[in-house]
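Report on the structure given below.
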Amino acid sequence: MILQPCTSSIQARENSMSEAIKGLAPEQLWDFFARIAAIPHGSKNETALASYLRLIAAKAGLAVRQDEVGNLCISVPASPGCDKAPAVVLQSHLDMVCEKNASVDFDFSKDAIRLVRDGDWIRAEGTSLGADNGIGIAAAMAVAISGDILHGPLEILLTVDEETGLAGAVNLSPSLISGRILLNLDSEKSDHLCIGCAGGGEVSTFLPLTLTDIPPQSAALALTLTGLRGGHSGLDIHENRANAVTLMARLALALKEHSALLAGFQGGDKHNAIPRESLATVVLRAARLNAARESISARHHAFVAEFAHETTMKLSCEETALPARVVSETSSAAALHMLAAFPHGVLAMSRHMPGLVETSSNLAAAHIHDDLLTVHNMSRSSLSPALHSTMEQIAAISSLAGGTCEMGTPYPGWNPDPHSKILTVLEKTYEEICGRKPERTATHAGLECGVIGEKCAGIDMISFGPDIINAHSPAEAVSIKSVARFWKILIGTLRRVATGAYA
Ligand SMILES: [Zn+2]
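Using my numbering, the first residue of the sequence shown is number 17, and each one after it goes up by one.
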């Protein structure tokens with residue numbers, strides 16, 4: 017079913033905000049961007065925007081197909097004489113992240129984003145802007161209806177629900193596109209060409225614990241570790257930030273010599289964040305309390321020396337009320353050995369790109385509830401076999417400890433190919449336009465290219481875009497100058513491919 021957007025209300029919204037983009041070049045691109053910003057399109061709410069774009073395509077006589085999950089493909093015939101050129105897919109995602117300042121009265125399900133011009137920047141009034149990925153959509157649509165840009169056959173692929181876990185790309189019907197060159201227009205640094213990303217996969221471990229009575233003459237200590245830097249488990253993993261769960265397991269293990277038993281453990285929550293805080297309760301003989309405190313202090317000093325960059329790390333140790341039950345000696349040892357053995361941090365660096373993390377893992381969360389320890393590990397790699405082997409390693413450690421595992425379905429990475437032909441074409445185009453070489457980069461986080469690349473065998477991909485800052489926040493802004501440059505690079509690349517440079 018095709019839902020037609022209410023064109024009169026869209027028109028009204030467009031008119032109310034055209035001031036911010038008045039006079040900006042390329043005009044067609046900015047005009048599309050303003051129209052897109054006027055239509056609510058948060059993740060899982062892309063229907064109205066998709067309908068609007070279908071309408072534009074239909075008016076221009078372009079064929080549109082949509083798969084079951086709502087991904088759109090608009091086919092644009094080649095310019096006269098260029099129909100023998102290889103087809104190029106221009107790919108962006110339809111959805112945006114909806115973030116607003118608490119003081120702003122704004123309803124992302126029905127309000128138009130209010131555009132503001134601020135020197136070289138376009139931003140929104142108190143909300144995220146949606147330049148991620150609205151500029152990409154606008155550029156592709158501007159090419160599609162221009163009539164005077166030289167290009168071969170084009171397929172404009174617009175995916176749904178990228179921001180909440182790449183769901184559109186994961187469920188993409190591969191037959192929606194036939195092109196085997198893909199320009200992903202979803203990057204945020206105009207002097208970078210992105211040629212790789214990491215895949216990811218989660219493993220959840222469940223370790224049953226045996227509980228016993230509290231031994232006589234016991235005391236309980238609450239250990240609290242706070243103030244670690246944490247951060248994104250992919251983008252920040254190379255910084256060797258301390259993992260609060262790993263450190264707490266090592267600390268509790270060090271108390272084994274005082275016959276400490278585990279009574280509680282909690283640390284971490286999000287699968288994609290490095291744990292910043294953790295808490296453990298241990299029970300030990302009251303007579304060993306002072307000796308235990310000394311061991312804790314020694315460990316704390318060792319942690320400070322090992323992670324000198326964790327300048328706000330704080331470890332506290334307070335005597336607390338005895339719990340009703342405690343984890344048995346065997347179960348305590350199994351739990352803590354397992355947590356201390358799980359990998360955390362960088363596991364391999366890329367051979368293709370100096371400085372790029374190829375494989376990493378994050379011990380993301382561990383919680384004891386009653387007689388069960390649940391642990392979540394999240395691993396990443398641009399190399400699928402390396403991702404699988406890391407997940408298998410986590411499963412092996414779990415099994416050694418007597419636990420069971422649930423392996424999540426991993427999403428694939430995109431291994432950088434320094435010999436990619438579209439990379440050569442783009443580098444030449446960039447150099448011609450900007451007078452300098454672009455930087456080749458790859459990201460140790462998920463991108464749609466990884467998922468699409470695995471579905472469409474042999475596809476040659478690259479990701480680039482204008483300068484966008486503070487994406488996913490109300491401070492999101494896009495540089496006007498960089499959009500003009502991005503546009504020139506895009507149409508320059510299409511012209512080269514259309515005229516035989518991609519051979
Ligand atoms: Zn994006």
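Note that CB positions come from ideal geometry on N, CA and C, so glycine has one too. Remember, it's a predicted structure, so these values are computed and weren't measured experimentally.
* Starting from the Cα of L263, find the closest Cα among S249, A128, G247 and G284 and give me that residue. => Checked all of S249, A128, G247 and G284; the closest Cα to L263 is G284.
* **Other residues of its chain near K330: CB distance less than 7 Å, five sequence neighbours each side excluded** => Residues T242 and G243 of the same chain have their beta carbon placed closer than 7 Å to that of K330, with the five preceding and five following residues left out of the count.
* For S59, which residues of its own chain have a beta-carbon under 6 Å away from its beta-carbon, when the five flanking residues on both sides are left out? -> Closer than 6 Å at Cβ, skipping near neighbours: D111, D177, E179 and T180.
* Beta-bridge partners of K116, as assigned by DSSP -> Answer is T143.
* Asked: Rounded to the nearest angstrom, how far is the Cβ of I153 from that of L173, given a contact under 8 Å?
  -> Wrong, their Cβ atoms sit about 11 Å apart, outside the cutoff.
* Listed by chain order, which residues have C-beta atoms less than 5 Å from any heavy atom of ligand 1? -> Cβ atoms closer than 5 Å to ligand 1 belong to D148, N149 and D202.
* To do: Apply the 10 Å Cβ neighbour rule to H392 and answer buried if 16 or more other Cβ atoms are within range, or exposed otherwise.
  => Label assigned to H392: buried.
* Asked: Do G195 and V92 come within 7 Å of each other at the CB atom, strictly closer than that value?
  -> No, the pair does not count as a contact, with Cβ atoms beyond the cut-off.
* Could you please give me the residues that DSSP links to G215 through a beta bridge? => Under DSSP, the beta-bridge partners assigned to G215 are S397.
* **Which listed residue (D47, I312, I484 and A351) has its alpha carbon closest to that of L416** => Checked all of D47, I312, I484 and A351; the closest Cα to L416 is A351.
* Asked: From T515 to S414, what does the alpha carbon distance come to, in whole angstroms?
  -> Here the alpha carbon of T515 sits roughly 56 Å from the alpha carbon of S414.
* To do: Express the C-alpha separation of S67 and I18 in angstroms, rounding to a whole number.
  => Because the pLDDT of I18 is 38, which lies under 50, any placement of that residue in the model is unreliable, and the question is left without a value.
* beta strand (DSSP E) runs wholly inside the segment 325 to 361, at least 3 long, in chain order -> Counting only runs of 3 or more, we get 330 to 336.
* Straight-line CA distance for H208 to R367? -> Rounded to whole angstroms, the gap between the alpha carbons of H208 and R367 is 19 Å.
* Asked: Under the three-state reduction of DSSP, which class applies to C210: helix, strand or coil?
  -> Note: C210 maps to strand in three-state DSSP.
* Closest by CA to E524, which one among I410, L182, I129 and S479? -> Outside the shown range of the chain (17 to 519) lies residue 524, about which nothing can therefore be said.
* To the nearest angstrom, how far is it from the Cα of S119 to the Cα of D127? -> One alpha carbon belongs to S119, the other to D127, and they sit about 16 Å apart.
* To do: Mark S495 as exposed unless 16 or more other C-beta atoms lie within 10 angstroms of its C-beta, in which case mark it buried.
  => Classification for S495: buried.
* **CA-to-CA distance, L463 to R512, given in whole angstroms** => C-alpha separation (whole angstroms): 26 Å.
* 7 Å Cβ cutoff met for W430 and C472 -> At a Cβ-Cβ threshold of 7 Å, W430 and C472 do not count as neighbours.
* Which residues in the same chain as S234 place their Cβ atom closer than 7 Å to its Cβ, once the five residues preceding and following it in sequence are excluded? -> Taking S234 as the centre and dropping the five residues before and after it, the same chain places the C-beta of V299, L300, R301, A302 and L338 closer than 7 Å to its C-beta, in chain order.
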